[in-house]
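Visitor: Residue numbers (my numbering): 399 to 679.
I have a structure I would like to understand better, so I am pasting it below and will then ask my questions one at a time.
Structure representation (structure tokens):
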């Protein structure tokens with residue numbers, strides 16, 4: 399079976415200790431990532447992990463050491479991909495640092511493991527692996543309602559239904575996030591981020607990202623779900639083999655796929671971590 403080092407991403411983007419929340423947010427925004435390992439500046443050893451959510455759960459903390467998660471799981475580059483899958487699935491993680499002799503050497507995500515599922519092609523169909531709830535939303539719903547749904551349902555993607563309850567789109571938390579940062583280059587300049595420019599403020603970014611934890615006060619544009627959804631999303635039939643679904647996810651770069659029945663009705667949603675869970679069987 400394949401080893402972690404064969405599919406991990408080497409030289410991942412990292413945050414360094416000591417550091418500040420502002421520096422971390424600047425990296426998350428400029429690299430368009432949701433989280434990164436934290437290493438000690440002096441010796442490169444793994445100190446923890448920090449995600450976008452961690453930052454917003456502790457809005458009053460400026461020191462990275464107080465925001466990040468310590469004792470974050472890691473894995474050896476020589477471990478099997480099954481072990482990596484088990485940790486990601488059981489601990490519900492979207493990133494797993496790869497560590498050798500205390501030093502960070504890579505990172506692995508559910509996306510990296512899709513190719514393994516594709517090759518193994520287990521004798522399972524999509525309907526056998528659904529683990530997460532599927533929460534549809536109406537295409538005429540305002541973005542504020544979509545945002546509240548993400549937060550209460552703890553899901554990251556919603557299938558969108560029209561007046562006939564037919565699947566017409568999919569909306570993810572990132573689509574909403576991107577609405578508040580309508581144009582990344584404009585946002586970067588609004589944030590005072592330019593190449594080589596250190597004149598960057600936490601205040602600037604907080605204005606852009608406050609929607610995450612202040613639904614009631616959000617200045618979301620008065621748009622509806624259908625204005626920002628991904629239209630005519632790629633779907634999979636409930637009897638589709640898991641290996642085929644893994645290939646579709648990997649090639650289309652989607653972290654989730656709506657599942658339909660023979661009459662084209664929406665029946666479920668599968669996420670990359672659901673597909674990866676087959677490696678733990």
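The beta-carbon is built from N, C-alpha and C at its ideal position, and this holds for glycine as well.
#1: May I ask you to report which of helix, strand or coil DSSP gives residue 410?
#2: Considering residue 479, what are the terminal residues of the alpha helix (DSSP H) in which it resides?
#3: In chain order, what residues of the same chain have a beta carbon less than 6 angstroms from the beta carbon of residue 497, not counting five sequence neighbours either side?
#4: According to DSSP, is residue 644 helix, strand or coil?
#5: Skipping 5 residues on each side, what residues in its chain have a beta carbon closer than 8 angstroms to that of residue 569?
#6: Does residue 632 pass the burial test, meaning 16 or more other C-beta atoms within 10 Å, or should it be called exposed?
#7: Is the number of C-beta pairs between the segment 521–536 and the segment 422–430 that are closer than 8 angstroms three or more?
#8: Please classify residue 572: does DSSP put it in a helix, a strand, or coil?
#9: Between the alpha carbons of residue 519 and residue 664, how many angstroms are there, rounded?
#10: Verify whether the separation of the beta carbon atoms of residue 675 and residue 487 is less than 7 angstroms.
#11: By Cβ distance, which residues of its chain are closer than 6 angstroms to residue 529, with the 5 residues on each side in sequence left out?
#12: Among 432, 416, 658, 411, which residue has its Cα nearest to the Cα of residue 440?
#13: Inspect the CB distances between the segment 647–662 and the segment 461–475 and report whether three or more fall short of 8 angstroms.
#14: Please list the terminal residues of the continuous beta strand (DSSP E) segment that includes residue 461.
#15: Give me the residue from 481, 423, 505 with the minimum Cα distance to residue 466.
#16: Residue 670 and residue 509 - do their beta-carbons sit closer together than 7 angstroms?
#17: Around the C-beta of residue 489, are 16 or more other C-beta atoms found within 10 angstroms, so that it is buried, or is it exposed?
#18: For the beta strand (DSSP E) containing residue 667, name the first residue and the last one.
#19: By alpha-carbon positions, which one of 407, 437, 517 ends up nearest to residue 677?
#20: Does residue 582 pass the burial test, meaning 16 or more other C-beta atoms within 10 Å, or should it be called exposed?
#21: With distance defined between alpha-carbon atoms, name the residue in 448, 562, 574 nearest to residue 548.
#22: Roughly how many angstroms separate the alpha carbons of residue 477 and residue 542, rounded to a whole number?
#23: Could you tell me which of 667, 515, 453, 551 sits nearest to residue 565, measuring between CA atoms?
#24: Going by the CB atoms, is the gap between residue 434 and residue 463 shorter than 7 angstroms?
#25: How many angstroms separate the CA atom of residue 647 from the CA atom of residue 511?
#26: Alpha carbons only, please: which of 503, 560, 649 is nearest the one belonging to residue 442?
#27: How big is the Cα-Cα spacing for residue 540 and residue 533?
#28: With DSSP collapsed to three states, give me the class of residue 544.
Guide: Let's see:
#1: Looking up residue 410 in the chain shown gives position 12. Three-state DSSP puts residue 410 in coil, outside helix and strand.
#2: Mapped onto the chain shown, residue 479 falls at position 81. Element bounds for residue 479: 479–488.
#3: Numbered from 1 along the chain shown, position 99 holds the residue referred to as residue 497. If we look at residue 497 and ignore the five residues flanking it on each side, its Cβ neighbours are 444, 472.
#4: The sequence position of residue 644 within the chain shown is 246, counting from 1. Here residue 644 sits in helix by DSSP.
#5: As a working note, residue 569 is residue 171 in the chain shown. Closer than 8 angstroms at Cβ, skipping near neighbours: 535, 544, 555, 556, 558, 623, 626, 627, 628.
#6: Taking the first residue of the chain shown as 1, we reach residue 632 at position 234. The residue is exposed, with fewer than 16 neighbouring Cβ atoms inside 10 Å.
#7: no
#8: Within the chain shown, residue 572 is the residue found at index 174, counting from 1. Three-state result, residue 572: helix.
#9: Reading the chain shown from its first residue, position 121 is the one you call residue 519. Reading the chain shown from its first residue, position 266 is the one you call residue 664. Rounded to whole angstroms, residue 519 to residue 664 spans 24 angstroms at the Cα level.
#10: Start at 1 with the first residue of the chain shown, and residue 675 comes out as number 277. Start at 1 with the first residue of the chain shown, and residue 487 comes out as number 89. Going by C-beta atoms, residue 675 is nearer than 7 angstroms to residue 487.
#11: In the chain shown, residue 529 corresponds to position 131, counting from 1. Only 672 meet the Cβ criterion.
#12: Mapped onto the chain shown, residue 440 falls at position 42. With distances taken between Cα atoms, residue 440 lies closest to 416.
#13: no
#14: The count along the chain shown starts at 1 and reaches residue 461 at position 63. Note, residue 461: premise wrong, no beta strand (DSSP E); not H, not E.
#15: Locating residue 466 in the chain shown gives position 68, counting from the first residue. It is 423 whose Cα lies nearest to the Cα of residue 466.
#16: Stepping through the chain shown from its first residue, residue 509 is reached at position 111. Stepping through the chain shown from its first residue, residue 670 is reached at position 272. Cβ atoms of residue 509 and residue 670: closer than 7 angstroms.
#17: Residue mapping note: residue 489 aligns to position 91 of the chain shown, counting from 1. With fewer than 16 Cβ atoms within 10 Å of its Cβ, residue 489 is classed as exposed.
#18: Stepping through the chain shown from its first residue, residue 667 is reached at position 269. Residue 667 -> beta strand (DSSP E) spans 664–669.
#19: For the purposes of this step, residue 677 is taken as the residue at position 279 of the chain shown. Per the Cα distances, 517.
#20: In the chain shown, the residue the question calls residue 582 occupies position 184. Bear in mind that the predicted position of residue 582 carries a pLDDT of just 46, short of 50, making it unreliable; the figure below should be weighed with that in mind. It is exposed - the Cβ of residue 582 has fewer than 16 other Cβ atoms within 10 Å.
#21: Reading the chain shown from its first residue, position 150 is the one you call residue 548. Per the Cα distances, 574.
#22: Counted from its first residue, the chain shown places residue 477 at position 79. Counted from its first residue, the chain shown places residue 542 at position 144. For residue 477 and residue 542, the distance between alpha carbons rounds to 43 angstroms.
#23: Numbered from its first residue, the chain shown carries residue 565 at position 167. When only C-alpha atoms are compared, the closest one is 667.
#24: By 1-based counting over the chain shown, the position of residue 463 is 65. By 1-based counting over the chain shown, the position of residue 434 is 36. No, the pair does not count as a contact, with Cβ atoms beyond the cut-off.
#25: Numbered from its first residue, the chain shown carries residue 647 at position 249. Numbered from its first residue, the chain shown carries residue 511 at position 113. Roughly 11 angstroms between the two C-alpha positions.
#26: Numbered from its first residue, the chain shown carries residue 442 at position 44. The residue with the shortest Cα to Cα distance from residue 442 is 503.
#27: Position 142 of the chain shown, counted from the first residue, corresponds to residue 540. Position 135 of the chain shown, counted from the first residue, corresponds to residue 533. Near 16 angstroms, if we compare the C-alpha coordinates of residue 533 and residue 540.
#28: As a position in the chain shown, residue 544 is number 146, starting the count at 1. It is helical.
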